[in-house]
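Take the numbering used here: the last position of the sequence shown gets the number 437, and nothing is skipped along the way. Backbone N, C-alpha and C define an ideal beta-carbon position, used for all residues, glycine too. Since we're looking at a predicted model, the values are computed, not measured. Here's the structure, in structure tokens; my notes come after.
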Amino acid sequence: MKIKDLEIQGNLFLAPMAGLTDRSFRSVCKRYGAALTYTEMISSKALHYKDKKTARLAYIESEDLPVAAQIFGHEPEIMAEAAHLLSTGEYAYYDGCALPDIIDINMGCPVKKIVTGGDGSALMKNPSLIYDIVKKTRAATEKPLTVKLRAGWDASSKNALECALAAQEGGADAVCVHGRTREEFYTPPVDLEIIANVKSALKIPVIGNGGIFSADDAIKMLSETKCDGLMIARGAVGNPFIFAEINARLSQKEYKAPDISEKIDVAIAHAELMAADKGENVSVHELKKHVAAYIHDVRGAASVRGRIFACEKFEDMIDILSELKNSL
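If you want it as structure tokens, here you go:
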């Protein structure tokens, strides 16, 4: 798949997810076939004020490329500045930080603290502001520029097409559409028709997002929307193997699902990657949601998850996983 002048070797992308898509998870998903991964949401205003903790979210290793850096905000000038800082590396306070391949603008996050500030999916209430943000940001970076949208704010304002056209006119190189409104968050079925409508109207690539938890879900979205690529979010948590599963289906190859032992091995490898990057004290807490998802279908998983969530030491978490594997 090609976005602007960037050739991406595949069309399955790991979606940006706050608190989840750090370097360790991106690396694991790439290992199993994610063609492009995204950072967690990065505050444009925090970059403007040179917040080092925020800049850490944008840390990228060259071996993990291609990676898109996603920014959020609602002030065109600040968003443009953030895109420039990320594109040039001026934000990077950490040695060895690679530049992102793509700058992505978040216009889809439904979380209350984000939309209350006028960011995320709140931007879909104002297509003219979307145009202004994209136009100014486009002028600030030579990197491919993409936008992530939702179906709309609520059922009475499904305006993804209007917003996507505004983004295209402003200079976006691709658009991703999550087929649910902000009010729907993640619960109802995904509206594939609205993704299809955006795809048929735009000249730039359109990526479909929402409700992809299996190869069947992926094929259905591709078939019914004709979108150029897919973005996978919660379906990859605890299941980075989903990329291999979908790629196998697309290439009509046999796919062998991992057994429980392999899932535990990957969970341990994921944990070790995070610990090397963030330290054991931080990782033991951030890993809990990942590890619980890796072992959700293990016999007696509820009891094991309880022990995992009670962990205060990294080595205890690894011991629990090793013990679980040896009991199989």
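Asked, Found
"Separation of residue 360 from residue 152, as counted between CA atoms", "38 Å"
"Distance, residue 249 Cα to residue 197 Cα", "10 Å"
"Opposing strand residues paired with residue 122 [DSSP bridges]", "145 and 340"
"Inter-residue spacing [alpha-carbon to alpha-carbon] between residue 332 and residue 203", "43 Å"
"Inter-stretch contact at 8 Å, needing at least 3 Cβ pairs: the stretch 235-249 / the stretch 285-292", "no"
"Option nearest residue 227 by Cα separation, candidates 269, 411 and 181", "181"
"Inter-stretch contact at 8 Å, needing at least 3 Cβ pairs: the stretch 341-353 / the stretch 362-379", "yes"
"Bridge-paired residues (DSSP) for residue 178", "212"
"Within 9 Å, strictly: CB atoms of residue 261 and residue 290", "yes"
"Beta carbon of residue 175 nearer than 9 Å to that of residue 195", "no"
"Distance between residue 313 and residue 305 (C-alpha atoms, nearest Å)", "13 Å"
"Secondary structure of residue 259, DSSP reduced to three states", "strand"
"Own chain partners of residue 317 with C-beta closer than 6 Å, once the 5 adjacent residues on each side are dropped", "304, 330, 334, 336 and 339"
"Residue 347 and residue 393 closer than 9 Å at C-beta", "no"
"Simplified DSSP assignment, three categories, for residue 291", "coil"
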